[in-house]
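A short worksheet on the structure shown next.
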Amino acid sequence: MPRIIVERSFEAPFTQQQLDAVEARMAPCLDLYDVRWIRSYWSSDRLRMICEYQAADIASVRNVQHEAEAKFERAWAADVLGEP
Numbered sequence: 040m041p042r043i044i045v046e047r048s049f050e051a052p053f054t055q056q057q058l059d060a061v062e063a064r065m066a067p068c069l070d071l072y073d074v075r076w077i078r079s080y081w082s083s084d085r086l087r088m089i090c091e092y093q094a095a096d097i098a099s100v101r102n103v104q105h106e107a108e109a110k111f112e113r114a115w116a117a118d119v120l121g122e123p
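Numbering-wise, the sequence shown is residues 40 to 123 according to my numbering.
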């Protein structure tokens, strides 16, 4: 399955409590669209985040984000360097 990268930015530092709320809204959507979260990275100032998913297509990941009301700037398909 392709890897999909989602880029996010925030006007104020994103808190753990906000992240927990988004994750709770996202959980049922991940199953619904057959999307698997792999990992996320926060910038040290918590103003930016990159999330990596595995899904059949970008549309599935975008649907998860929209239904979970998880704001994002971009979503794009990626290849993992060094992976066959």
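Just so you know, even glycine gets a beta-carbon here, dropped at the ideal spot from N, CA and C.
*asked:* Alpha carbons only, please: which of G121, E108 and R113 is nearest the one belonging to E62?
replied: Residue mapping note: residue 62 aligns to position 23 of the sequence shown, counting from 1. Minimum Cα distance to E62 is reached at E108.
*Roughly how many angstroms separate the alpha carbons of F53 and V45, rounded to a whole number?*
The residue given as residue 53 occupies position 14 in the sequence shown. The residue given as residue 45 occupies position 6 in the sequence shown. Distance between the alpha carbons of F53 and V45 is about 16 Å.
*Can you grab the Cα-Cα spacing for the pair A95 / S79, in whole Å?*
Locating residue 95 in the sequence shown gives position 56, where the first residue counts as 1. Locating residue 79 in the sequence shown gives position 40, where the first residue counts as 1. Approximately 19 Å, taken between the alpha carbons.
_Please state the DSSP three-state secondary structure of V61._
As a first step, residue 61 is located in the sequence shown; it is residue number 22 there, counting from the start. Three-state result, V61: helix.
*What are the boundary residues of the beta strand (DSSP E) that includes E46?*
As a position in the sequence shown, residue 46 is number 7, starting the count at 1. Per DSSP, E46 belongs to the beta strand (DSSP E) from R42 to S48.
*Given E25, which residues of its chain have a CB within under 6 Å of its CB, disregarding the five upstream and five downstream residues?*
Past the boundaries of the shown model lies residue 25; the chain is included only from 40 to 123, so the question cannot be answered.
*Mind checking which residues open and close the beta strand (DSSP E) that includes R85?*
Within the sequence shown, the letter at position 46 stands for residue 85. No beta strand (DSSP E) holds R85; DSSP gives it neither H nor E.
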